[in-house]
Structure formats: structure tokens, C-alpha cells
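Notes for the one structure printed next.
2 protein chains.
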Amino acid sequence: MTAIAQTTAVVLPPTTDAELEQLLAAAQRAAAPLAARRPAERAELLDAVADALDAAADQLVPVAERETRLPEARLRGELKRTTFQLRLFGEVLRDGGYLDARIDHADADWPMGAPRPDLRRVLAPLGPVVVFAASNFPFAFSVAGGDTASALAAGSPVLLKAHSGHPGLSRLTAEVVVSALREAGAPDGTFALIAGTAAGAAALRDPRVKAGAFTGSIPGGRALFDIASSRPEPIPFFGELGSNNPAFVTEAAAAERCAEIAEGFVSSFTLGAGQFCTKPGTLFVPAGSGLVEALRDAALPPAAPLLNERIQSGYGEVLQGLQSNPRLEVLVQGAGPLADPPGATLLRTTAADMLAEPDALQTECFGPTAVVVTYDDESQLPELAETFEGQLTATIHGTDSCQVEALVEVLARKAGRVVWNQWPTGVSVTYAQQHGGPYPATTAVGSTSVGTAAMERFLRPIAYQGFPQHLLPEALREDNPLAVPRLINGRREGGR
Amino acid sequence: MTAIAQTTAVVLPPTTDAELEQLLAAAQRAAAPLAARRPAERAELLDAVADALDAAADQLVPVAERETRLPEARLRGELKRTTFQLRLFGEVLRDGGYLDARIDHADADWPMGAPRPDLRRVLAPLGPVVVFAASNFPFAFSVAGGDTASALAAGSPVLLKAHSGHPGLSRLTAEVVVSALREAGAPDGTFALIAGTAAGAAALRDPRVKAGAFTGSIPGGRALFDIASSRPEPIPFFGELGSNNPAFVTEAAAAERCAEIAEGFVSSFTLGAGQFCTKPGTLFVPAGSGLVEALRDAALPPAAPLLNERIQSGYGEVLQGLQSNPRLEVLVQGAGPLADPPGATLLRTTAADMLAEPDALQTECFGPTAVVVTYDDESQLPELAETFEGQLTATIHGTDSCQVEALVEVLARKAGRVVWNQWPTGVSVTYAQQHGGPYPATTAVGSTSVGTAAMERFLRPIAYQGFPQHLLPEALREDNPLAVPRLINGRREGGR
Numbered sequence: 009m010t011a012i013a014q015t016t017a018v019v020l021p022p023t024t025d026a027e028l029e030q031l032l033a034a035a036q037r038a039a040a041p042l043a044a045r046r047p048a049e050r051a052e053l054l055d056a057v058a059d060a061l062d063a064a065a066d067q068l069v070p071v072a073e074r075e076t077r078l079p080e081a082r083l084r085g086e087l088k089r090t091t092f093q094l095r096l097f098g099e100v101l102r103d104g105g106y107l108d109a110r111i112d113h114a115d116a117d118w119p120m121g122a123p124r125p126d127l128r129r130v131l132a133p134l135g136p137v138v139v140f141a142a143s144n145f146p147f148a149f150s151v152a153g154g155d156t157a158s159a160l161a162a163g164s165p166v167l168l169k170a171h172s173g174h175p176g177l178s179r180l181t182a183e184v185v186v187s188a189l190r191e192a193g194a195p196d197g198t199f200a201l202i203a204g205t206a207a208g209a210a211a212l213r214d215p216r217v218k219a220g221a222f223t224g225s226i227p228g229g230r231a232l233f234d235i236a237s238s239r240p241e242p243i244p245f246f247g248e249l250g251s252n253n254p255a256f257v258t259e260a261a262a263a264e265r266c267a268e269i270a271e272g273f274v275s276s277f278t279l280g281a282g283q284f285c286t287k288p289g290t291l292f293v294p295a296g297s298g299l300v301e302a303l304r305d306a307a308l309p310p311a312a313p314l315l316n317e318r319i320q321s322g323y324g325e326v327l328q329g330l331q332s333n334p335r336l337e338v339l340v341q342g343a344g345p346l347a348d349p350p351g352a353t354l355l356r357t358t359a360a361d362m363l364a365e366p367d368a369l370q371t372e373c374f375g376p377t378a379v380v381v382t383y384d385d386e387s388q389l390p391e392l393a394e395t396f397e398g399q400l401t402a403t404i405h406g407t408d409s410c411q412v413e414a415l416v417e418v419l420a421r422k423a424g425r426v427v428w429n430q431w432p433t434g435v436s437v438t439y440a441q442q443h444g445g446p447y448p449a450t451t452a453v454g455s456t457s458v459g460t461a462a463m464e465r466f467l468r469p470i471a472y473q474g475f476p477q478h479l480l481p482e483a484l485r486e487d488n489p490l491a492v493p494r495l496i497n498g499r500r501e502g503g504r
Numbered sequence: 009m010t011a012i013a014q015t016t017a018v019v020l021p022p023t024t025d026a027e028l029e030q031l032l033a034a035a036q037r038a039a040a041p042l043a044a045r046r047p048a049e050r051a052e053l054l055d056a057v058a059d060a061l062d063a064a065a066d067q068l069v070p071v072a073e074r075e076t077r078l079p080e081a082r083l084r085g086e087l088k089r090t091t092f093q094l095r096l097f098g099e100v101l102r103d104g105g106y107l108d109a110r111i112d113h114a115d116a117d118w119p120m121g122a123p124r125p126d127l128r129r130v131l132a133p134l135g136p137v138v139v140f141a142a143s144n145f146p147f148a149f150s151v152a153g154g155d156t157a158s159a160l161a162a163g164s165p166v167l168l169k170a171h172s173g174h175p176g177l178s179r180l181t182a183e184v185v186v187s188a189l190r191e192a193g194a195p196d197g198t199f200a201l202i203a204g205t206a207a208g209a210a211a212l213r214d215p216r217v218k219a220g221a222f223t224g225s226i227p228g229g230r231a232l233f234d235i236a237s238s239r240p241e242p243i244p245f246f247g248e249l250g251s252n253n254p255a256f257v258t259e260a261a262a263a264e265r266c267a268e269i270a271e272g273f274v275s276s277f278t279l280g281a282g283q284f285c286t287k288p289g290t291l292f293v294p295a296g297s298g299l300v301e302a303l304r305d306a307a308l309p310p311a312a313p314l315l316n317e318r319i320q321s322g323y324g325e326v327l328q329g330l331q332s333n334p335r336l337e338v339l340v341q342g343a344g345p346l347a348d349p350p351g352a353t354l355l356r357t358t359a360a361d362m363l364a365e366p367d368a369l370q371t372e373c374f375g376p377t378a379v380v381v382t383y384d385d386e387s388q389l390p391e392l393a394e395t396f397e398g399q400l401t402a403t404i405h406g407t408d409s410c411q412v413e414a415l416v417e418v419l420a421r422k423a424g425r426v427v428w429n430q431w432p433t434g435v436s437v438t439y440a441q442q443h444g445g446p447y448p449a450t451t452a453v454g455s456t457s458v459g460t461a462a463m464e465r466f467l468r469p470i471a472y473q474g475f476p477q478h479l480l481p482e483a484l485r486e487d488n489p490l491a492v493p494r495l496i497n498g499r500r501e502g503g504r
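Residue numbers (the working numbering), protein chains in the order written: chain A, 9 to 504; chain B, 9 to 504.
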């Protein structure tokens, strides 16, 4: 570790107070000119960043491999997802629907009892944002990941707090981003990398910063949320924290697709060595269905290294804690479950034990471990689902004839995304994606950190009353020069 | 005061712990069935409440007059606004656009690099909400006001913490609401009144409550925000707190419309005896333009009583504090500026003094007082505007030839609504209204508490992945039985 720590220190020294002050001042200076760009102009900036990252793939991926121990194919796929994401936000900018532009013409007879003035409302960027990168997706949730892409798309400058797990990749990616933005004509200060826990917290406390975004652990995310909320001027903090992602197999599904479900589950909970925030951590299966045996006999994948020493040791601690719980027994385990790399582990318990001690048995174990819970009667499932806190995802494997309405109701209340006959890992970047959920899945239940709606986090509404045309934002002018869709006097008009 | 206090205690005793527990349990039980109602069915509930309130006007208004000392015409107008607001949310429910329904069909060739699953996203209610009523709008921001209307429209049960300023009206209004909801078939527990500071705070701390909304003072709102944010499960808290609502008169406007502006300003800052959160508290006028003299000579309206003894005494304290500031002098004052009822007061200072001590000179004075600031050069206005914290509104009086782009940029960054050649008092309930702003105007910069977008506060997104049609919410089914507008594969379809 000493060698690694030294390398890290050389590669990415903590941002000093003086450096941070310069970067914050530059971000604040960039805010107004960046906000003033037309949406389609900001789309060009995102495209430029995406192109530059694609062009730098052969430089970026080897550094990522070295620092994260993730395989090349996975990293190349993740980089592709990352640049696709930047371009998708560009498409959303060109469409303009994200502006939620609304025009109410003056109406002397408005039935409220008083004349309605001319009112026009549009979403505008919040201002500088500090984004805390995650360790487990060194491209997609890091320097140029979803939080950065959606904040820049919204028109908010980004201070990116690098994750210490991949300092060299962070610096290299930031160089590509900064250079691409500069060449594309973005205002200086649109994007900057900062390093070190203290600098991240200081940035979040700074009055020039207007929002925070984070992907990581519950304790880390909660500490930052508390900083953001206790500022003299509290600011929104969009933390994506922890999730157990329970999955429920009905009796009919187990009878119909026993082997397929066992195989799919093993593949999902070990994907990326179990280091996904959407890893299914608990699987409820009918007792006596043969699914427990199928899982016990399933082929576990080869052990894969965890991201870094800190995650390796944390994984070992949590796994040992679970194994020492008398309510849990080992169902199946790969070779060297506590070794580096660790073989996968499936633990086993019963519905009665889960109901008796849900908090301990639902502890998130970041790595290739999951818990299989046998239940006796499908009617228990809603009660079992109720024992979970807020989740990013919840999954049901059923058949069309299963009576699962009550279970769906509970899971839709608990989770941001409910999955049917698929597995929650693999979060597609789309228009309808929702990656969020009630606390502790996130600190902002109304938001998503993946999908085109992620932009909404960094926008705020402004209404203009009685304004002359030439002083209005273009999206609100009568002749609609940007051709954005709008709500005019309560009716949708225009747009593609 | 003793007599009033005794009457209050009799009319609306503090909710006991046991009562609160019953009401919270009922609200939680109501949440799922209320959420399961079709939007158009919830619209019928809102219509029923509106009809019942209109029918009870002759009972409600006299109680409101007695408890708030506001004149009958104002109260009847406010009640009309309140029932209009309920019906407008009903219209939004019937339209269905508020659901932001999105469908992405499965796409094996999705260019992200992995197949896109079938994903469908819709907004759903947060669950039980506690609403803290305001004193200054006993109908529109109280028991059946905008927060209640938007939460019920969203499908979230409401616990309404009554304002102690109008206990009898609160109880009577709540009886009308509860009775109308019951007769219209709403689930028991959809709405309940609670009383007392302790009960309000306890409700906000309760894990069954999923959001809070508030209109009132900065200290009160911040204390509740801190409770909501420091819960084990933090919840969104939509507080609308304080605002100075600065207004800026350009040199050309002052030259062109001196008397009209003076008259309009006096009328606006004294409207409702200055007890509006949108009262323009500061007016910047060009020195030597004659506007100061016009204001000095303007006819002040007759003194009007403040809402209650607490507001009267608070107003006197703040006004005396302002008058004792050597940077402020009295420009004009009605008879008995500290009497009950108080005559209106206009104070006067200079731009240099405002720049020297902005916090003291911008103290919100809830009542018929405002500050006139003379400036020497229009180019000072953006710098003066920068001295303000977050605002609900900011106003410019100008002409089409004024160079105010820089001022508009600052004000749009500071305020939720920017007004041109009108006055900020009178917040129309419309589709494009924005009643919010950066802290301390509100505790949630991305939200509004007036206008149809106010519903968004009480909604959260849920995505359904790979779901069979019969288990999907109706808004997401392929055949669109509710005929709601939707985003399908990134393109807008349907709706009126």
C-alpha cells in the first residue's frame, strides 16, 4: 500500500486552499456565460467532450485497468456508455423539452378573481455544482460521468472531486475534458478537477456552490448531505448512497424457470465482482422449490479482484460479520471467499429470521455476496418487502398469472425502479430510466442520477412577468426562435 | 390578550400525542388507496372540496374577519382564489401531463453499447405530507390553501398544522374539507387538522411522513427544515420563508412615469397592510428624478389593522430598529406609525449606505413599511442587486430602450419571479407561475408553492422495467387508457 499511496500522492495531490479559491472563482465567473449559451451550443460542448474521450480511449483504458483492476472489455464498454451519455444529453438540449417552457398570456377574465398577467416560466441552471466521483465506475460515475454530463448539460459549471481510487485516470480524464471544452469555446472555469476530502467538503460549504452530487457509501453521503443542509444557505444535495436491491421469486416462477433464475441471479450478483450499487443483495425463494439446490449447485464465476485494498478489506469485514450471524449459514462459496481476489459467497436464511432481524441481514455487502431467503407462502412477500428501507431497485420474478399486485405496490413505494423477470444490474441510459429512490438509496427522493431526467437536478424555475420580448430568454419569446415545445395557456404546443 | 388566548385554547386545543398517533396511522392507511385513485377521480375530490368551501362562504368569512382583522371583500376574494386553485389542480389531473409519463420500448440496438430494456417511468405520490399553514392568507395559504391542494392533487394525504392566528377558521375550514372528502368517497385519513407547535414538529419527525411544506418566517421555517433534514430518513421540506422583493426604477422610467410609479409602489407595499411575502420592501430610484418627492407627497392609504397582536408587536420592533439606524431617515409616515392600526412608513437611504450595510437595511419588515434608496447612476444597479440574498420576486420599472440586460441577469439569478413594469404583490395562480427562489426565499430552490407546478413537490419518479401490461400503472400501459401525453422513445405523443 505504501507504494500505491505514494504514487497516488504524486499523481493527484490534494487541492490547496489557494487553488480551490481560484477554481471556485473561475467556476462562478463561468456560470453566467455558460448559462447564456443556447442549449444547442452547450450540446456542442458535450459532443466535443465525448469525441475527445473516445479518441483518448487507448490512453485512458490502460490507466483505468491498472488503477481499478477491472478488465479491459468492461472498461471499454463503460467508456462507450459514458460518451453515449454525453451525446444523449446533447440530444435533449437540442430538443429543448427539458426547459419546461410555459407561457400564460395576460387574461383579464382569468376566473381566479383577478386579471392574469403575462407570465412566462423556464428552467435555468442552478450555478456551480460540486460532484463527488464514485470508485466503482471509473468512467460512467466519475470525472466525465452522469453527474458531470447532466450538470454541464443544465448549464452549471462543475467542480469534480476525484475519487482517490483512480487518481491517475481522474487526472487524465480531466485533462481530456478541460482541453476539449477549451477547444470548443466553453468559458474558462466550466470544469475543474479537485482532490482530497477536505477540498471536497470545503467546496460544498462555499457560498458560490449551489448544489452537490455524490455516488458512494451511506456514511460518506450522509456526511456530505449534512454539510449541504446545514450551510447558512442550504443547497440541494443529490447523493446516491446504498441499496440492497431485493429480488422476489414467486412459486410459479420457481417451478417454471428454476435453473434459468438461479443462473441469472448468480450472474447478476457477481457482475463486476458484486461492486454495483444495483447488485441484488437478497433473493427470496419458495422453500422446497428446488431453487435453493439449484443455487447451491450453480457454477460460480471465477474470483475477480475488487477495486482496491480498501474495498477488499471492507468487503471481508462485512462478510465475516454476516457469516458470524447465527441466522445466516453458507449456502455455497467459491474458493477463498476472504482471499484477494475473493470467491463469491451465497448465504442462506429463512423468512422468519429475516422478519426477526431485518437490519442485520440486509446490511449492504459491497462485493460478490448475496443472501438467499426461503419463504413458505407467497402471501408473506409483501410483509417481507416492507422490512426494507428505500431502495434503488426491487425485482420480481413471476409469471403472468401470479397474484403480485400487493407486492408490486410495496416495492414501488420502496424503490425507484421495479424490475420484472430481469435483473437490476445494468442501468440503461435512456429517457425513462430512474436511478434513485427513497433514503438511504438517495438523499433526494424526487430525483434520478441516470437517464435524461437527471438534468432536472441542476435546474431551477424562473418566471418573467410582463416582460418585453427582447429581454426574455429565447425559449419564452413569442416567436419561439429555438422551436422548443411549450405549454401555452395550459396547452402543449410545438416541439418535434 | 387573555380573552383571545382563552378563546383560542377552547376553539383548537393542541393535538395530544395519542390523537396525533391516530391521525398519522390514518394518513398512512389512506396513502395507498388515495394514490391508487385515477387522477380524474382525485380531481373530483378537489372539486367537491371547492364546492363545499364556496357553499360555506357565509359561515367562513365572518370567522375569518373576526380572527384576522382583514376586510370582508379581501377575504371573499381570497376564498374565491382558493377554490379556483383547487379546481385548477383538478384540471391538471384530468390532463395527466403532470405524470411526466415516459415509455422506452426495448431496443436491442440501443447505441449505448448494451440492449435497452423496456422501461416506463411515471410520477407517483410521496406519501403523507405535513403542511404548516400561514397566518397572512387565512384561506389561500392555510387549511385548504395551495400546499394542501397540490399535495392532495399529487395523491399525498395531508396533515395540516393549523396556524394559531385563526384557530376558529382553521377548525371550521377543516370540518368543511373533511366532510366534503368523506361525502365524495375519499379514503379516511386523506386530510386531518392538527394544532400546536409540538404536534407539528412531532408529525414532521414521524417516519410515516414523507415531506413537509411551510409558509412563514425565516427562523420558523429554518427550524422545521433542520428537523426534516436531520431525521434518520431526511425528507424534502418545502419552506417559503422571507423575501424583501426589491424593485428598481430606471432613469428613463422615472422621467416618463414618475407619478404612476409612486402611486403604484405605495399601493403595492401597503396592500393587505404590507403583510404579503411579495411586498416590495426596497425601491431603488434615481436621485434627482423627482420620484422621491412624488413618494413623499403620495397619498398613503388609511391605516389598516395587522393580523394579530404578535404581528403588531413584531412589526413595531422591526420598524423601530430600522428607524434607529442612522443610515435610514423617515421620508413619509402616516399617523401613528407604531399605533394599532399602524400608519404606513416610507424610509429613505442612499445607494452608498445600502452597499455599506445591506443586511441591516434589507431586514424584512412584515407590515406597511418600505425603504426608498436613491442612486446616482443606473450602472450601479447590478451591484446593488447583488447585495440581496435569494428572493421570491424582483421588479424592474423601465422602458423599452433601457439597457437593463445586466440587471435582469442578476435578478433572475437571485429571484424566482422577475417582474417588469408591474408590482410583485398579487400572485396569480396559473400554469406558468413561479413562487419560490433561492434561500432564504425558500428552502427548496427547484420548487414553487403557487401555480400548477406546485404539485411536483409531492411526487417521485418510479420506473417499471420489463413489466407485463396488467401490472403497470394505467398511465404506462401501451394502449394509454387515461389518454395522457407521454414521451415515447424520446418523442412527445398524445395528450390534448
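Even glycine gets a Cβ: it sits at the ideal position worked out from N, Cα and C.
As the structure is a prediction and not an experimental result, all values here were calculated from the model.
The alpha helix (DSSP H) enclosing residue i, as first and last residue numbers
i	result
residue 95(B)	80-103
residue 207(A)	205-213
residue 227(A)	226-238
Beta carbon proximity, residue i to chain B, threshold 8 Å
i	result
residue 488(A)	no
residue 102(A)	no
residue 112(A)	yes
residue 360(A)	no
residue 125(A)	yes
Reduced DSSP category for residue i - H, G, I as helix; E, B as strand; rest coil
i	result
residue 8(B)	No answer is possible for residue 8(B): the residues shown for chain B start at 9 and end at 504.
residue 12(A)	Per-residue confidence for residue 12(A) stands at a pLDDT of 43, beneath the threshold of 50, marking its modelled position as unreliable; no derived number is given.
residue 488(B)	coil
residue 29(A)	helix
residue 106(A)	helix
residue 112(B)	strand
residue 290(B)	strand
residue 156(B)	helix
residue 481(B)	coil
Any chain A beta carbon closer than 8 Å to residue i
i	result
residue 444(B)	yes
residue 14(B)	Caution is warranted here: a pLDDT of 43 is assigned to residue 14(B), below 50, making its placement in the model unreliable, and the coordinate value is therefore given only provisionally. Residue 14(B) does not count as touching chain A.
residue 429(B)	yes
First through last residue of the beta strand (DSSP E) which encompasses residue i
i	result
residue 318(B)	It is not in any beta strand (DSSP E) - residue 318(B) instead sits in the alpha helix (DSSP H) that spans 317-331.
residue 356(B)	353-358
residue 130(A)	127-133
Whether residue i touches residue j by CB criterion (8 Å)
i	j	result
residue 117(B)	residue 438(A)	no
residue 158(A)	residue 466(A)	yes
residue 101(A)	residue 161(A)	yes
residue 125(A)	residue 473(A)	yes
residue 291(B)	residue 255(B)	yes
residue 236(A)	residue 220(A)	yes
residue 280(B)	residue 82(B)	yes
residue 415(B)	residue 448(B)	no
Requested in this report: Taking a Cβ distance cut-off of 8 Å, strictly less, list which residues of the segment 68-94 of chain A are near chain B, in chain order.
Outcome: Taken in chain order, the members of the segment 68-94 of chain A whose beta-carbon sits within less than 8 Å of a beta-carbon on chain B are 85, 88, 89, 92, 93.
**Report entry** Interface residues of the segment 412-427 of chain A facing chain B [CB-CB below 8 Å]
**Finding:** Residues of the segment 412-427 of chain A with a C-beta atom less than 8 Å from some C-beta of chain B are 412, 413, 416, 417, 420, 421, 423, 424, 425, 426, 427, listed in chain order.
Query raised in the report: In chain order, what residues of the segment 364-379 of chain B put their CB closer than 9 Å to some CB of chain A?
Result: Within the segment 364-379 of chain B, no residue has a Cβ that lies closer than 9 Å to any Cβ of chain A.
Query raised in the report: Any residues in the segment 235-267 of chain B with a beta carbon nearer than 7 Å to a beta carbon of chain A? Which ones, in chain order?
Result: From the segment 235-267 of chain B, only 237, 241, 242, 244 have a Cβ closer than 7 Å to chain A.
Requested in this report: Return the residues of the segment 200-228 of chain A that lie within a Cβ-Cβ distance of less than 7 Å from chain B, sorted by chain order.
Outcome: Within the segment 200-228 of chain A, no residue qualifies.
**Report entry** Residues within the segment 431-463 of chain B neighbouring chain A, beta-carbon criterion of under 9 Å
**Finding:** For chain A, the residues of the segment 431-463 of chain B that bring a beta carbon within less than 9 Å of one of its beta carbons are 432, 434, 436, 437, 438, 439, 440, 441, 442, 443, 444, 445, 446, 447, 448, 451, 452, 453, 454, 455, 456, 459, 460, 461, in chain order.
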